[in-house]
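Mapping to full-length UniProt numbering: the sequence shown position 70 is 70, numbers consecutive.
Idealized CB from N, CA, C, for every residue including glycine.
The model shown is predicted, which means the values in this text are computed figures rather than measured ones.
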Amino acid sequence: MPGKELPDRCMNCHEAPPIFTLRGRCVCQECYIRFLSLKPFKRMEAYRLRKNMPKTGPCKLLLPLSYGVSSTVLLHMLHKQIEVLRSKQHGPAGFEILVLVVDPSTISSVSSHDEGFELAKKTFPLCSFTRLPFHSIFELDPDVQQIMSQYAGEDFTDDTSLSNEERLTSFRQSIATATSKSDVDRILLNKLIVAFAKKMECRGIVWGDSDSKLAAKTLANVAKGRGSAVTWQVCDEMSPFGLEFNFPLRDVFTVETQTYASLFPELAGIVLHDEPPSENTLTKNLSIDELMIRYVSTQGEKYPGVMLNVTRTASKLQSSGTSASGPQCDFCGAYMTRSGETTNGDEGKKQRQFCYACARSRPELRC
Numbered sequence: 001m002p003g004k005e006l007p008d009r010c011m012n013c014h015e016a017p018p019i020f021t022l023r024g025r026c027v028c029q030e031c032y033i034r035f036l037s038l039k040p041f042k043r044m045e046a047y048r049l050r051k052n053m054p055k056t057g058p059c060k061l062l063l064p065l066s067y068g069v070s071s072t073v074l075l076h077m078l079h080k081q082i083e084v085l086r087s088k089q090h091g092p093a094g095f096e097i098l099v100l101v102v103d104p105s106t107i108s109s110v111s112s113h114d115e116g117f118e119l120a121k122k123t124f125p126l127c128s129f130t131r132l133p134f135h136s137i138f139e140l141d142p143d144v145q146q147i148m149s150q151y152a153g154e155d156f157t158d159d160t161s162l163s164n165e166e167r168l169t170s171f172r173q174s175i176a177t178a179t180s181k182s183d184v185d186r187i188l189l190n191k192l193i194v195a196f197a198k199k200m201e202c203r204g205i206v207w208g209d210s211d212s213k214l215a216a217k218t219l220a221n222v223a224k225g226r227g228s229a230v231t232w233q234v235c236d237e238m239s240p241f242g243l244e245f246n247f248p249l250r251d252v253f254t255v256e257t258q259t260y261a262s263l264f265p266e267l268a269g270i271v272l273h274d275e276p277p278s279e280n281t282l283t284k285n286l287s288i289d290e291l292m293i294r295y296v297s298t299q300g301e302k303y304p305g306v307m308l309n310v311t312r313t314a315s316k317l318q319s320s321g322t323s324a325s326g327p328q329c330d331f332c333g334a335y336m337t338r339s340g341e342t343t344n345g346d347e348g349k350k351q352r353q354f355c356y357a358c359a360r361s362r363p364e365l366r367c
């Protein structure tokens with residue numbers, strides 16, 4: 001039986017020779033870029049047209065840049081969109097992007113990637129850039145030190161004579177298991193990003209998670225007992241923090257962002273590629289987040305449509321038993337379906353409530 005004959009022209013524009021196979025269609029490079037760029041463009045249209053928003057001035061949006069492929073590609077796409085908006089004499093004010101980089105060397109044992117930060121500022125001049133250390137959360141969120149102290153329990157003592165960096169390191173070291181460590185770090189990083197967005201008076205946050213990462217996050221959150229928070233952690237909607245969360249790359253596969261990045265040489269110096277997972281690492285030493293990322297990355301290559309359906313299904317869910325006017329977890333900020341766990345604060349200090357998932361990660365918990 002003869003093999004399927006490949007077309008000699010792009011199946012979209014019918015002009016240039018095809019280079020890539022994009023979701024079953026043979027397309028040229030220009031059509032490949034146009035197809036992927038159109039995904040976030042459509043999701044950012046609401047900010048451009050200012051539906052149910054103030055009409056004066058551009059809309060401020062925060063983009064956390066991790067130097068990963070997805071967040072770097074999203075920044076590149078949105079910068080192109082801003083260029084087009086500003087080239088129109090009488091076009092709408094649209095939106096402006098504030099980029100926040102949390103110094104990776106203050107989170108884990110990696111370099112600060114100073115050259116990548118400087119290159120990003122040079123490559124995307126229409127965006128404003130800020131770089132902060134992880135421990136700046138103490139300045140941006142004044143309540144965090146009391147929350148962390150009560151969260152860690154009686155065995156932890158917050159020594160205020162230490163530097164903020166040392167205090168944060170001490171708290172993070174008090175968390176026992178790999179899953180709890182990863183979970184707590186994600187919550188603290190999220191609190192830092194949200195606090196900075198509020199300080200800069202941003203309307204919302206645009207996250208650079210691709211479809212594959214959102215699928216992994218969905219599965220991990222359910223496994224960790226954070227199913228009620230899935231609706232705003234992976235979907236485009238208002239978060240419990242009073243900021244809109246938007247995921248413009250939710251319909252783009254990770255492998256597609258990698259291909260897109262390879263087409264623009266200027267992005268190579270910005271992206272920090274993740275180290276391939278070691279085959280010698282025991283499964284019990286991995287966090288749930290790491291396990292789900294491994295699972296999605298391997299299965300997503302075989303069945304990309306299945307992973308896309310995971311996030312699409314999550315976007316159809318509605319939180320049940322929660323209320324925007326009800327109690328929120330003092331640590332992660334999620335709305336609670338029940339009273340949760342309450343800690344006894346010191347005299348003059350507020351008693352803190354923690355949701356079920358956060359209570360599971362507390363150092364005091366013994367399984």
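Just list the residues that DSSP pairs G204 with in beta bridges. Along the sequence shown, one-based indexing puts residue 204 at 204. Among the bridge pairs identified by DSSP, G204 is matched with L61 and E244.
For a test of the three-state rule: what should DSSP assign to Q328, helix, strand or coil? Looking up residue 328 in the sequence shown gives position 328. Three-state result, Q328: strand.
Express the C-alpha separation of I97 and E30 in angstroms, rounding to a whole number. By 1-based counting over the sequence shown, the position of residue 30 is 30. By 1-based counting over the sequence shown, the position of residue 97 is 97. Going by the C-alpha atoms only, they are around 25 angstroms apart.
State buried or exposed for R23, treating a residue as buried only when at least 16 other CB atoms are found within 10 Å of its CB. Numbered from its first residue, the sequence shown carries residue 23 at position 23. Classification of R23: exposed, given that the 10 Å Cβ count is below 16.
Whole-angstrom distance between M336 and G326, CA atom to CA atom: As a first step, residue 326 must be located in the sequence shown, where it is residue number 326. As a first step, residue 336 must be located in the sequence shown, where it is residue number 336. Approximately 7 angstroms, taken between the alpha carbons.
Residue from G57, V73, S128 and N309 whose Cα sits closest to the Cα of S37: For the purposes of this step, residue 37 is identified with residue 37 of the sequence shown, where counting begins at 1. The residue among G57, V73, S128 and N309 with its C-alpha nearest the C-alpha of S37 is V73.
Excluding five sequence neighbours on each side, which residues of the same chain lie with their C-beta closer than 7 angstroms to the C-beta of D183? Locating residue 183 in the sequence shown gives position 183, where the first residue counts as 1. In the same chain as D183, and ignoring 5 residues on each side of it, the C-beta atoms closer than 7 angstroms to its own belong to K224 and S361, in chain order.
DSSP three-state assignment for G321, whether helix, strand or coil: Taking the sequence shown and counting its residues from 1, one reaches residue 321 at position 321. Its pLDDT being 45, under 50, G321 is placed unreliably by the model, and the measurement read from it follows with that caveat. Three-state DSSP puts G321 in coil, outside helix and strand.
Three-state secondary structure assigned by DSSP to I147: Numbered from 1 along the sequence shown, position 147 holds the residue referred to as residue 147. In the structure shown, I147 sits in a helix (DSSP, three-state: H, G or I).
Does the structure place the stretch 193-203 close enough to the stretch 126-141 that three or more beta carbon pairs sit under 8 angstroms? Counting Cβ pairs under 8 angstroms, three or more are found: they touch.
When E139, N221, L126 and K121 are compared against R86, the one with the closest alpha-carbon: Position 86 of the sequence shown holds residue 86. Per the Cα distances, L126.
For a test of the three-state rule: what should DSSP assign to Y335, helix, strand or coil? On the sequence shown, position 335 is the one that residue 335 refers to. Strand, per DSSP.
I'd like to know if the stretch 6-22 and the stretch 230-240 are in contact, where contact means that at least 3 CB-CB pairs between them fall below 8 angstroms. Here the stretch 6-22 does not lie against the stretch 230-240, with fewer than 3 beta-carbon pairs under 8 angstroms apart.
In whole angstroms, give me the CA-to-CA distance for G57 and K122. If you number the sequence shown from 1, residue 57 lands on position 57. If you number the sequence shown from 1, residue 122 lands on position 122. Spanning the alpha carbons of G57 and K122 requires a straight line of approximately 24 angstroms.
Considering only the alpha carbon of each residue, which of T254, V255, A314 and Q258 lies closest to T218? Stepping through the sequence shown from its first residue, residue 218 is reached at position 218. Ranked by Cα distance from T218, the options T254, V255, A314 and Q258 are led by A314.
E45: which of D103, P17 and F95 sits nearest, CA to CA? Along the sequence shown, read from residue 1 onward, the residue named residue 45 stands at position 45. Residue F95 holds the alpha-carbon nearest to the alpha-carbon of E45 among D103, P17 and F95.
Helix, strand or coil: how does DSSP classify I19 here? Here residue 19 refers to the residue found at position 19 when the sequence shown is read from its first residue. Here I19 carries a coil assignment [DSSP, helix/strand/coil].
Coarse secondary structure for V184, derived from DSSP in three states: If you number the sequence shown from 1, residue 184 lands on position 184. Helix at V184.
Buried or exposed, going by whether 16 or more other CB atoms sit within 10 Å of the CB of C13? Here residue 13 is taken as the residue at index 13 of the sequence shown, counted from 1. Of the other Cβ atoms in all chains shown, fewer than 16 fall within 10 Å of the Cβ of C13; this residue is therefore exposed.
May I ask you to report which of helix, strand or coil DSSP gives C26? One-based indexing of the sequence shown puts residue 26 at position 26. When DSSP states are grouped into helix, strand and coil, C26 belongs to the strand group.
Look at the Cβ atom of V206, then the Cβ atom of N164, and state whether they are nearer than 8 angstroms. Here residue 206 refers to the residue found at position 206 of the sequence shown. Here residue 164 refers to the residue found at position 164 of the sequence shown. Contact: no.
Answer with buried or exposed for G321, where buried requires no fewer than 16 other C-beta atoms within 10 angstroms of its C-beta. By 1-based counting over the sequence shown, the position of residue 321 is 321. Reliability fails at G321, whose pLDDT of 45 lies under 50, so the model's placement of it is uncertain and the value that follows must be treated cautiously. Exposed, since its Cβ has fewer than 16 Cβ neighbours within 10 Å.
Looking at P26: is its Cβ nearer than 8 angstroms to the Cβ of A16? Here the question's residue 26 lines up with position 26 in the sequence shown. Here the question's residue 16 lines up with position 16 in the sequence shown. It should be pointed out that residue 26 corresponds to Cys in this sequence rather than to Pro. Here C26 is not near A16, since their CB atoms are 8 angstroms or more apart.
How would you call Y47, buried or exposed, if buried means at least 16 neighbouring beta carbons within 10 angstroms? By 1-based counting over the sequence shown, the position of residue 47 is 47. In the assembly as shown, Y47 is a buried residue. Its beta-carbon has 16 or more other beta-carbons within 10 Å.
Cut-off 8 angstroms between Cβ atoms - residues of its own chain near M307, not counting five sequence neighbours on either side: What you label residue 307 is simply residue 307 of the sequence shown in a count that begins at 1. Counting only Cβ-Cβ distances below 8 angstroms, and skipping sequence neighbours, we find D211, S212, A215, F253, V296, Q299 and G300.
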